[in-house]
Structures are given as C-alpha cells and as structure tokens.
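Student: As given, the protein sequences belong to chains W and S, one line each in that order. For the first sequence, my numbering assigns the number 1009 to the initial residue and increments by one for each residue that follows. For the second sequence, my numbering assigns the number 1009 to the initial residue and increments by one for each residue that follows. A virtual CB, placed ideally from N, CA and C, is assigned to each residue, including glycine.
Protein chains: 2
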Amino acid sequence: MNYFKDYRDHVGSKPEKFFKSTLFESGQILLGINCLEPGQEQAVNPHGGQDKFYFVLEGSGAFTVGDTEQSAGEGMTVWAPEGVDHGVRNVGDKRLVLLVGLAPAPGH
Amino acid sequence: MNYFKDYRDHVGSKPEKFFKSTLFESGQILLGINCLEPGQEQAVNPHGGQDKFYFVLEGSGAFTVGDTEQSAGEGMTVWAPEGVDHGVRNVGDKRLVLLVGLAPAPGH
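1. Assess, as a yes-or-no matter, whether the region 1091-1103 of chain W is touched by the region 1047-1061 of chain W under the definition of 3 or more beta carbon pairs within less than 8 Å.
2. Keeping to the same chain, check which residues put their C-beta closer than 7 Å to that of Tyr1011/W; ignore five residues upstream and five downstream.
3. Please return the same chain residues whose Cβ sits closer than 8 Å to the Cβ of Ser1021/S, not counting the five positions on each side in sequence.
4. For Asn1053/W, write down the residues that DSSP places opposite it in a beta bridge.
5. Taking the beta strand (DSSP E) that Lys1060/W belongs to, which residues open and close that run?
6. Quick one: is Thr1030/W buried, meaning 16 or more other Cβ sit within 10 Å of its Cβ, or exposed?
7. In the region 1053-1076 of chain W, which residues sit with their C-beta less than 8 Å from some C-beta in chain S, listed in chain order?
8. How about Gln1036/S: is its C-beta nearer than 8 Å to some C-beta of chain W?
9. With hydrogens ignored, establish whether the beta-carbon of Leu1044/S is closer than 7 Å to any heavy atom of the ligand FAD.
See the structure below:
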C-alpha cells in the first residue's frame, strides 16, 4: 500500500456541507482532512466512544469544546475527548483546512 | 482542562536523542510532537499493537515504512500500521518537526 500522502491532494469543497476525506484508516484510528469554506460549520455534537483531535493546517476556526469557545489558527491542536461536545465554525474569509483524527475509528 | 495547544510551545531538542513531548493522551490515542535535529533518527522498529502516523510540520525526513523508503516534507502524512517496521532520519539541514499519533496509546 501507499504509506505516504500529501494532504493537499485531499482538500476540496462542497457547497452544502463541509468537505471531508480519509487519509488512512484502521479499526484503531481514522485520520482525515476536513475543509470548511467561510461560513460552514460542524455542528456541536458529542462522540459516544471516540476521542477526536483537530490540527489546524490552513485558516482559522471558532471551536467549541465542552464549555470552552476559542479561536484557533494554523499550528493549533484542539482536543475533544470522548463524550465532550465539540464543533467548529469557519468565521474567517478563507478555507479552513483541518487534519482530524478519531480513535478508535467510527464503527469499530 | 485546556483543550487547545500550540505545537510551537512543544518543540525542543536534546543532543543525544530525538526530542518528544505529549500534546494530549487518552487510552485510545497519544498525540505528540517529535523533533529531530539534523542527523538524528528514530531507529526502524515495529509497534506491537499500535497504528502510528507522522505528519510533517517542519523540515523533511527520510522515512522507512515496511519496504518503502521515501523522503517526505511539510504537509506529508506517513502511515505506519501496527506491526510494520518504520523509522525516520533527518537528512536535511534544519530541524524536523513531526506531529505524531499512536492509537491506542502505548501501555493501554
């Protein structure tokens, strides 16, 4: 298999909803890219059995984790442990590109 | 707890060995930063029960995964599934900074 991927080959957009693509996946972890155009959001929601992280690659977002709301730009990691509400909205004027990991992968 | 961390606060170096720090950890995943000065390496080794990824934040490295040897620079993700030998060497002239995830976390 190909163990090497460039995230820039996995960015994109959809008009109606944020864009996501998978880089690598096993039962133990799913690693992917989420792209939010200006104004798009991931609604705040909890995950039943997964820890999640976001790493901001491009742009900046207004993140909610639990009771915390904070803006985060390039180079910031956002941690959303299992069971804690989390979401993000692109309040900037350029695409927000996020490396996202879920452990374990959904459905496992 | 603090759900937001800037990776730039977690870089560093050690003369004798590559530098590592933890950003966030649960039983399900460990997310951290590894820094390799020019010439430093992580010797090739397998992981018993963990999938691992590297995401190159700064610099470039010569990675080995299984039978594949490939150079990877900023924006590249390298995937080292459970049981597959992997390692990296900084063959460049600047610090190599990697976001690294292990799922599940070691010892869990």
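Tutor: Based on what the coordinates show:
1. yes
2. Here residue 1011/W is taken as the residue at index 3 of the first sequence, counted from 1. Cβ neighbours of Tyr1011/W beyond the five flanking positions: none.
3. Residue numbering aside, residue 1021/S sits at position 13 when the second sequence is read from its first letter. Here the set comprises Phe1027, Cys1043, Glu1045 and Arg1103.
4. Here residue 1053/W is taken as the residue at index 45 of the first sequence, counted from 1. Its beta-bridge partners are His1094/W.
5. As a working mapping, residue 1060/W is identified with position 52 in the first sequence. It spans Asp1059 to Glu1066 - the beta strand (DSSP E) in which Lys1060/W sits, taken as one unbroken run.
6. The count along the first sequence starts at 1 and reaches residue 1030/W at position 22. Counting Cβ neighbours within 10 Å, Thr1030/W comes out exposed, since fewer than 16 surround it.
7. Gln1058, Asp1059, Phe1061, Phe1063, Leu1065, Phe1071, Val1073, Gly1074 and Thr1076
8. Along the second sequence, read from residue 1 onward, the residue named residue 1036/S stands at position 28. Yes, because at least one Cβ of chain W sits closer than 8 Å to the Cβ of Gln1036/S.
9. In the structure shown, the ligand FAD is absent, as is every other ligand, since no ligand is present at all.
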